[in-house]
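Trainee: So the mapping is simple: my numbering equals the position in the sequence shown, first residue as 1, plus 3. We put the beta carbon where it would ideally sit given N, CA and C, even for glycine. None of the values given here were measured: they were computed from a predicted structure. Please see the structure below; I have some questions.
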Amino acid sequence: MVSLILAAVALVSSSARAEAPVPLYSDLRDVVTYQHDPIAAAVVDNMEATPTRYFPTGVDFYKGGVRRFRPGEAKAIRNRSDCDLKTSDCTDAVYGVEFTAQPLDVGGGISRVQVQAFFHSKSVGDFVFRKYTLDVDGAARQVQTVTFYGADVKLSETHFALHTGLLQRESVLTDAEHGITKLYPLGVGGFDQVRFHGTRLMTPLYNNAFLDRSNVLAHR
């Protein structure tokens, strides 16, 4: 089995906030929806209200590979494969904003967070990774300061390695040169942890099995 870099597992230091740790490398809009984290909510609200604080002019926080629901407005969810960069549909779009480290309590009700964003910008002419350090007042749902750290990295400049673990159900993309990590869940079937010592995949195994190429292309 290919080894997995456990980039998603973060140890919370004594200087980190006392609350439950937030999931790293998960889109902040999902963290708000499913975990109701006040710091993530403050960042999302501020990016929505003042996108030019974070992104080049013209970038729409609500656009992206998977359409989200605006408050009070139902948007059709579209798959990323539908995007055509020759149209305005998927250009100037934010494709993900994630915590890359656990928030740190710096006093006065302020938490310092490290955030990574991935977006497309027509003015840059490429997809871009950008990193920030934010001082956030979660109780007031305000972002006090926004500091860019490191240079923007164009997608065309990256060199990713893929690490996958079936038992962990995760794939991790890492660009060591630029310090970029992306984490993706995998659907690999169930696990049998009862009948066997340790953990075994429940996915059926067949000798001499193969996938017909025409069926794979038709159902991809």
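1) Among residues of its own chain, excluding the 5 on either side of T60, which ones have a beta-carbon nearer than 8 Å to its beta-carbon?
2) Would N82 be called buried (16 or more neighbouring beta carbons within 10 Å of its own) or exposed?
3) Give the range of the alpha helix (DSSP H) segment to which P41 is assigned.
4) So, helix, strand or coil for R216, using DSSP?
5) Can we count G190 as close to the ligand HEM, meaning its CB is less than 7 Å from some heavy atom?
6) Report buried or exposed for P74, applying the criterion of at least 16 other Cβ atoms within 10 angstroms of its Cβ.
7) Confirm, please, whether the CB-CB distance from T167 to T150 is below 8 Å.
8) Between the alpha carbons of A52 and R172, how many angstroms are there, rounded?
9) Where does P26 land, buried or exposed, given buried means 16+ other C-beta within 10 angstroms?
10) Looking only at DSSP bridge pairs, what is E173 linked to?
11) Tell me whether the beta-carbon of G141 lies closer than 8 Å to the beta-carbon of A45.
12) Taking V127 as part of the alpha helix (DSSP H), name the residues at either end of that continuous run.
Mentor: For this structure:
1) Walking along the sequence shown from the start, residue 60 turns up at place 57. The residues are S126.
2) Indexing the sequence shown from 1 puts residue 82 at position 79. Residue placement at N82 cannot be trusted, given a pLDDT of 39 that sits under 50; what the coordinates show is reported in the next sentence. It counts as exposed.
3) Here residue 41 corresponds to residue number 38 of the sequence shown, with the count starting at 1. Counting along the chain, the alpha helix (DSSP H) containing P41 begins and ends at 41-52.
4) Your numbering for residue 216 matches position 213 in the sequence shown. Looking at R216 - three-state DSSP - the assignment turns out to be helix.
5) In terms of ligand content, the structure shown is empty, and the ligand HEM therefore cannot be addressed.
6) Position 71 of the sequence shown, counted from the start, is the residue given in the question as residue 74. Below a pLDDT of 50, predicted positions are generally treated as unreliable, and P74, at 41, falls in that range; no measurement from the model is reported.
7) As a first step, residue 150 is located in the sequence shown; it is residue number 147 there, counting from the start. As a first step, residue 167 is located in the sequence shown; it is residue number 164 there, counting from the start. It is not a contact, given that the beta carbons lie outside the stated cut-off.
8) Locating residue 52 in the sequence shown gives position 49, where the first residue counts as 1. Locating residue 172 in the sequence shown gives position 169, where the first residue counts as 1. Spanning the two alpha carbons is a distance of roughly 35 Å.
9) Along the sequence shown, one-based indexing puts residue 26 at 23. Buried, since its Cβ has 16 or more Cβ neighbours within 10 Å.
10) Working through the sequence shown from its first residue, we reach residue 173 at position 170. G168, P188, per the DSSP bridge assignment.
11) Reading the sequence shown from its first residue, position 138 is the one you call residue 141. Reading the sequence shown from its first residue, position 42 is the one you call residue 45. Result yes, Cβ atoms of G141 and A45 sit closer than 8 Å.
12) For the purposes of this step, residue 127 is taken as residue 124 along the sequence shown, with counting starting at 1. V127 -> no alpha helix (DSSP H), and no H or E assigned at all.
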